[in-house]
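Following: one structure in structure tokens, then a few remarks.
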Amino acid sequence: DVKVTQSSRYLVKRTGEKVFLECVQDMDHENMFWYRQDPGLGLRLIYFSYDVKMKEKGDIPEGYSVSREKKERFSLILESASTNQTSMYLCASSLGLAGQQETQYFGPGTRLLVL
Amino acid sequence: GNSVTQMEGPVTLSEEAFLTINCTYTATGYPSLFWYVQYPGEGLQLLLKATKADDKGSNKGFEATYRKETTSFHLEKGSVQVSDSAVYFCARSTSGTYKYIFGTGTRLKVLA
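Taken in sequence, the protein lines are chains A and B.
To convert, count from 1 in the first sequence and add 162; that's the numbering used here.
To convert, count from 1 in the second sequence and add 18; that's the numbering used here.
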């Protein structure tokens, strides 16, 4: 079974703090994703990575950056947290981009509260 | 444009009732279609998928058929249980791209 883990289930941070959210997958997947989930808005893609050190912006990248130094690990960074970044953050991974390989597998999520 | 539209929730049913959650999509090309389920406090789990027209995805008593003519992928279950209470997300992808488009989710409450 694919296993995607996230470093924290809950985080509380102060406005202006630098925040790191870590995600690790154990199935040698090429692609990794960061989403945020907000009520009434569903899931929105923040960033995507298709290989080590490679990244692409998603639909809402502003205020975020990412790092992928190793294939299994994908980090989301909030350089200076703001209250409007309070949300549930979900990491996902997939093997490839077509057919059976495109299925995305999700981690348990990190609920971030910025005060 | 590309979008996924789900019925608004919450949907409240009694145990053993029949469930339908509607999902329609717009897309260019030939997307794969997915249903994910999110139990309270957890991430999303893949429930079922279909990759081409007329495919039926099924899992845990849930079914959905890829209907190209009506651009729909409605989720059904013949007899729901309290343990099915969760939020259900419909999603689509397009082969060759990384993007999924998710619906806004439908909360299901099943009462004993």
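By construction, the Cβ of each residue, glycine as well, lies at the ideal position given by its N, Cα and C atoms.
Owing to the predicted nature of the structure, the values given are computational and were not obtained by experimental measurement.
- The beta-carbon distance between GLY178(A) and ALA243(A), rounded to whole angstroms, is 7 Å. This is short enough to meet the 8 Å contact definition.
- By alpha-carbon distance to LEU62(B), the top candidate from LEU275(A), GLN266(A) and VAL276(A) is GLN266(A).
- Spatial neighbours of LEU66(B) in its own chain (CB-CB distance under 7 Å, excluding positions within 5 residues in sequence) are listed in chain order as TRP53, GLY75, SER76, ASN77, PHE80 and ALA82.
- DSSP places ASP102(B) in the helix class (H, G or I) of the three-state scheme.
- It is roughly 45 Å from the alpha-carbon of LYS217(A) to the alpha-carbon of ALA35(B).
- GLN24(B) carries a strand assignment under DSSP once its states are collapsed to helix, strand and coil.
- Counting only residues of its own chain and dropping the five nearest sequence neighbours on each side, ASP73(B) has a CB closer than 8 Å to the CB of THR83 and TYR84.
- Using a Cβ distance threshold of 9 Å, LEU259(A) and PHE120(B) do not count as a contacting pair.
- THR122(B) and GLU231(A) have their C-alpha atoms spaced approximately 32 Å apart.
- Along the stretch 181-255 of chain A, the beta strand (DSSP E) occurs as fully enclosed runs of 3 or more residues at 181-187, 193-200, 204-213, 216-219, 226-232 and 235-240, listed in sequence order.
- CA-CA distance, GLU33(B) to VAL100(B), rounds to 6 Å.
- Ranked by Cα distance from VAL166(A), the first of LEU64(B), LEU51(B), TYR106(B) and CYS108(B) is LEU64(B).
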